[in-house]
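Taken in sequence, the protein lines are chains D and R.
Each residue of the first sequence is one higher than the one before, counting from 315 in this note's numbering.
Each residue of the second sequence is one higher than the one before, counting from 315 in this note's numbering.
Everything on this sheet refers to the single structure shown next.
There are 2 protein chains.
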Amino acid sequence: MVVVPGGERTVVSQLRRGVLQFCVLAQLRDGEKYAYELVRELGAAHGLATSEGTIYPLLSRLRKLEWVSSSWQDSETGPPRRYYALTPAGREALQSFTAEWEPFRTAVDTLLEHKENHR
Amino acid sequence: MVVVPGGERTVVSQLRRGVLQFCVLAQLRDGEKYAYELVRELGAAHGLATSEGTIYPLLSRLRKLEWVSSSWQDSETGPPRRYYALTPAGREALQSFTAEWEPFRTAVDTLLEHKENHR
DNA sequence: AACTACTACCATGCGACGCAAGATACCTTG
DNA sequence: CAAGGTATCTTGCGTCGCATGGTAGTAGTT
Chain D
315 MVVVPGGERT VVSQLRRGVL QFCVLAQLRD GEKYAYELVR ELGAAHGLAT
365 SEGTIYPLLS RLRKLEWVSS SWQDSETGPP RRYYALTPAG REALQSFTAE
415 WEPFRTAVDT LLEHKENHR
Chain R
315 MVVVPGGERT VVSQLRRGVL QFCVLAQLRD GEKYAYELVR ELGAAHGLAT
365 SEGTIYPLLS RLRKLEWVSS SWQDSETGPP RRYYALTPAG REALQSFTAE
415 WEPFRTAVDT LLEHKENHR
């Protein structure tokens, strides 16, 4: 099988850059979740589907930033799970991202819109 | 002076990843432009401001992909300019990006929206 | 017990891209 | 001539999403 190192180089995978971590924070907004669960949920959102090779390093970064905290809990149906929860700092980060995302998205939308303003 | 190599590591600079090249294509949609001009125009759009160290490698990639063509033209007020124009392939790429961007943006927006659906 | 499969955790290595910094050269103004 | 704006381009670097592969617990089957 042909293997392409360096990850999938699609347009959408580039779009996820920088956005994904805040999507995860948003996922944790309403309660703690574990990594596998986050991956499954993102898989349902169009354009946000990712894999464990992405999510674990990402969560490790978020822990280091202290935007999330984590706690181990046993599962009755499988191996133990590490649950992640938003910290106050994480909540702030999410809020400030949202404030940056909106004008950015609008700027891109505006540029992409085809305007027929010829004279 | 303290120098931080690796570029500015802000949230927005990560957001520009993968988007910028298509913004440039969009800028060229209505006629040819030169690099310096593109940088100035992007500087006006919130969140899309970039620098020459970004734009020249980017344009070089677009040339290699044959999404743009270029031609030198003398300026009456300064050094000669390299003008860039969209190729048919570039126009297609822009269109297909737009088709990917819209659901992506919507997915992020949906996640970021705070929904008060408790019970 | 051995096996398969699913769940769930994690680490390694890599390529792509946006950026800072700096180099070169043209033109105009003082 | 020096200074400043215009306009081109190169080099080196850090970040992050991904493919790949490894470990271990639980459950069902043979």
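Cβ coordinates follow ideal geometry from the N, Cα and C atoms, glycine included.
The structure presented is a predicted model; accordingly, all values stated were derived computationally and were not measured.
- prompt: Helix, strand or coil for residue 400/D per DSSP?
  reply: Of the three classes helix, strand and coil, the one that applies to residue 400/D here is strand, per DSSP.
task: Report the residue from 357/D, 351/D, 428/D and 342/D whose alpha carbon sits nearest the alpha carbon of residue 421/R.
output: For residue 421/R, the nearest C-alpha among the options comes from 357/D.
message: To be precise: take each residue of the region 395–419 of chain R, compare its Cβ to all Cβ atoms of chain D, and keep it if any distance is under 7 Å. Which residues remain?
response: Against chain D - using a Cβ distance shorter than 7 Å - the residues of the region 395–419 of chain R are 411, 412, 414, 415, 417, 418 and 419.
- request: Pick helix, strand or coil for residue 331/D, following the three-state DSSP scheme.
  value: DSSP, read as helix, strand or coil, puts residue 331/D in coil.
message: Quick check: what's the CA-CA separation for residue 345/R versus residue 334/D?
response: One alpha carbon belongs to residue 345/R, the other to residue 334/D, and they sit about 35 Å apart.
query: With DSSP run on the structure shown, which of helix, strand or coil describes residue 323/R?
result: It is coil, neither helix nor strand.
query: Based on Cα-Cα distance, which residue from 329/R, 348/R, 409/R and 372/R lies nearest to residue 385/R?
result: Ranked by Cα distance from residue 385/R, the first of 329/R, 348/R, 409/R and 372/R is 348/R.
message: Tell me the DSSP secondary structure of residue 415/D in three-state form.
response: Here residue 415/D sits in helix by DSSP.
- prompt: Shortest alpha-carbon distance to residue 428/R belongs to which of 387/D, 409/D, 396/D and 359/D?
  reply: When each option's Cα is compared against that of residue 428/R, the closest is 409/D.
- prompt: What number of angstroms, rounded off, separates the C-alpha of residue 378/R from the C-alpha of residue 372/R?
  reply: Taking the straight line joining both Cα atoms gives about 10 Å.
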